[in-house]
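Quick note: the sequence shown uses my numbering, first residue 983, plus one each step. For reference, the structure is listed below as structure tokens.
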Amino acid sequence: MLLVSRRLPLPLLHPGRQRAYIARAPTKKLFVQPSYITLPSRSAVKMMTDTDGGKPTRAASPGSDTSPSSRPAAKKPRLNSPDTPHATPGTASPSLRASDATQPKRGPKKTGPTRTQKRKAQHGALPEFCSHDDVLWREIKEVLGAEYVDGCVEAGTGRDSPLAYHAEVDVEVKAISSTGSAVGVVLGSAVPWAVIVPFSLPGEIVRAKIYRNARMHSFGDFKEVVKPNLEWRDDSRVQCQYFAKCGGCQYQMLSYEKQLELKRDVVVKAYQNFSGLEQSTLPTIGTTMPSPEQYNYRTKLTPHFEAPNSKQRKEQDNRQSDTERPDWFRIGFNESGSQRVIDIEDCPIATSVIRETLPAVRENAIKKLFTYKKGVSLILRDSLPLSTDKDADPETHICVTDHKGTVREKVGPWIFEYPNGSFFQNNNGVLPFLTDYVQTQIFSDAGKRPTHLIDAYCGSGLFAITLSPHFERVAGIELSTESIRAATRNAQLNSLPSSKISFRAGDAGDIFQVIGDFPPEDSVLLIDPPRKGTDESFIKQMLMLRPRTVVYVSCNVHTQARDIGMMLRGSEADGKRRYVLESLRGFDLFPQTAHVESVAVLRLAPAEE
């Protein structure tokens, strides 16, 4: 579902949604039903109904953000209405009412949906446009065939899975999802049925153990390769003992060239499915920018563990020493497709100093295990010695494990310090290539050279500071006051005067109110929003300001494609100079995983004579 403001110009919407049914909601907003699927009745709305028959299901989907190389996934919304209506309590007889008078007064009987009914209704929800489930549903539809899937949805079929819970089935893999998991079809099934299984490649036949059933597809654990794709798969490339169990990496069995190719395909499909733009108007999508290091690159790890329960606490006296790890204790990362934690003693994608520090951090956690009342996430971050440590070798790396500690990094010649718990890109080696690429794209225009930079969602000032020498004035804005303090401090560390560069805490949309003296024709707007992308209010204000160049850096290419489409259609609708999408390219900040960053550049088209 997509709720949009009534004031949002219709041309900003995805073209498919312009043709969709629009009705007024009680919230006085427009409810726009995505038109990629036709629902003739309420019963057909349940696209993702679980058919496990009450058996336990696993909470995390393949590719969900529970790995060391991804971020936590948002909880799915629940519906407010149950599957079936409840009867309203009847009117009690006079005798019952008299006897009730002697009983303690109770509140009115609840007639709304129970928690279980809400959970079941959730499985019938239409995927939110551009959400993880929506991306996966489109990929399933592509594998099973759009005509077949649309027919099943219209007929209200496809809910009854032919696969039993915990059944082992052979799956013919057809494609790789943008999550890195494979999408295949069950061999020997009388009903076309998709299975999502990790660590598998197109052209392979793999065995999977089913752990969850949904509308027209199931999720399975990878068990073994029955028939390998020898052109792609080379298991000798795998460098991690936990690969195919841990959910952190998906591509270790692939050559790095193939990984970059798959990540480019993710960018291409995202703009095909979610931008609403004519493919002929898109620029040629460049090859994915590689990372200098494919292992030992990650500058941050967050292993976690659960606190002991009451039974486990009673058994603590049986330990021989406080450093002895109980058999039930696991500290590490989530198993692929599960919330279960795998015990991880080493992580090859982490930098050397983190790998060297991890054993001591694990030992300390075991020693203090029974002091924790809740689950704990640890943090290990690669850092240079702080500027206050005069005796330290400036090139020696240390590992910061205090959540409230300060981390110091160099990106090219620039110094950055920020709180350990705040956001900063986790692949330091590729950052100079990323910032240099952005700079090149900004100044590739043969026209007048821009003089002002607006950095929305600026974080600790990465882009604002590294690009500052090329502009007369730079302004950054970020919702986190902690990040703004770090950005201001970083400007001082790099000897940048406040007359040239300034940072402000606030919503990204507020920046347009504080840069009134920035000339739009000479300004560049750079945005690097969170995974959910930007919002309609920001896009409106951007179109009012009309900066000459817009650079959109994204960690979620699907929401980026959605937003870019809205920006381009909005610029065409108001009669002013329109934007064109000039360049689009992916960046590999997380080798061995399916994740890809994307950089899109918009430029105002020349004024028509």
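Note that beta-carbon positions come from the ideal geometry of N, C-alpha and C, so glycine has one too.
DSSP, reduced to helix, strand and coil, places Leu-1264 outside both helices and strands of the structure shown, so it counts as coil. With a threshold of 16 other beta carbon atoms within 10 Å, Met-1198 meets it and is buried. Between Val-1208 and Ile-1187, the C-beta spacing is below 8 Å. When the beta-carbon positions are compared, Gln-1574 and Tyr-1233 come within less than 8 Å of each other. The way I'd put it, the segment 1148 to 1159 doesn't touch the segment 1132 to 1140; fewer than three beta-carbon pairs between them come closer than 8 Å.
Per DSSP, the unbroken alpha helix (DSSP H) holding Cys-1134 starts and ends at 1128 to 1137. A straight-line Cα-Cα distance of about 59 Å links Pro-1395 and Gly-1133.
In the DSSP assignment, His-1540 falls outside any beta strand (DSSP E) and lies within the alpha helix (DSSP H) extending over 1539 to 1555. Within the model, the alpha-carbon separation for Cys-1112 versus Ser-1318 is close to 23 Å. In the DSSP assignment, Leu-1507 is bridged to Ile-1436 and Val-1532. DSSP places Phe-1398 within a strand segment (E or B) once states are collapsed to three. By the neighbour-count criterion, in which 16 or more other beta carbons inside 10 Å mark a residue as buried, Val-1173 falls on the exposed side. In the DSSP annotation of this structure, Asn-1291 is not part of any beta strand (DSSP E), being labelled neither H nor E.
Assignment of beta-bridge partners to Cys-1222 by DSSP yields no partner.
Each residue's CA atom was taken as its position, placing Thr-1161 and Cys-1231 some 11 Å apart.
Pro-1451 is positioned such that its CB atom lies no closer than 8 Å to that of Ser-1505. Ala-1487 and Ser-1481 have their C-alpha atoms some 17 Å from each other. Between Arg-1280 and Asn-1409, the C-beta spacing is below 8 Å. Sequence-distant partners of Asn-1255 (beyond 5 residues in either direction) whose C-beta falls short of 6 Å from its own C-beta, in its chain, are Arg-1120. Per the coordinates, the alpha-carbon of Tyr-1400 lies some 39 Å from the alpha-carbon of Ser-1182. Restricting attention to Asn-1538, Tyr-1147, Met-1271 and Asn-1211, the CA atom closest to the CA of Glu-1239 is found in Met-1271. Judged by DSSP in its simplified three-state form, Met-1271 adopts strand.
DSSP places Asn-1409 within a strand segment (E or B) once states are collapsed to three. By the C-beta density criterion, Leu-1126 is buried, having at least 16 other C-beta atoms within 10 angstroms. Contact between Ile-1313 and Asp-1325 holds: their C-beta atoms lie close to 6 Å from each other, under 8 Å. Taking a 10 Å sphere around the C-beta of Thr-1266, we find fewer than 16 other C-beta atoms and assign the residue as exposed. Around the Cβ of Pro-1588, a 10 Å sphere holds fewer than 16 other Cβ atoms; the residue is exposed. A Cβ-Cβ separation of about 7 Å places Leu-1449 in contact with Thr-1417 under the 8 Å criterion. Here DSSP, grouped into helix, strand and coil, assigns Gly-1491 to helix. A straight line joining the alpha-carbon of Ile-1483 with that of Ala-1473 spans about 7 Å. For Val-1583 against Gln-1423, the beta-carbon gap comes to about 5 Å, under 8 Å, which counts as contact. Note on geometry: alpha-carbon atoms of Glu-1338 and Arg-1307 lie some 19 Å from one another. Distance check between Val-1248 and each of Asp-1545, Ser-1553 and Val-1539 places Val-1539 closest, using alpha-carbon atoms only. If the five residues before and after Trp-1310 are omitted, its C-beta is found closer than 7 Å to the C-beta atoms of Gln-1294, all from its own chain and listed in chain order. Per DSSP, Glu-1345 is one residue of the alpha helix (DSSP H) stretching across 1334 to 1349.
Boundaries cannot be given for Arg-1322, as no alpha helix (DSSP H) includes it and DSSP labels it neither H nor E.
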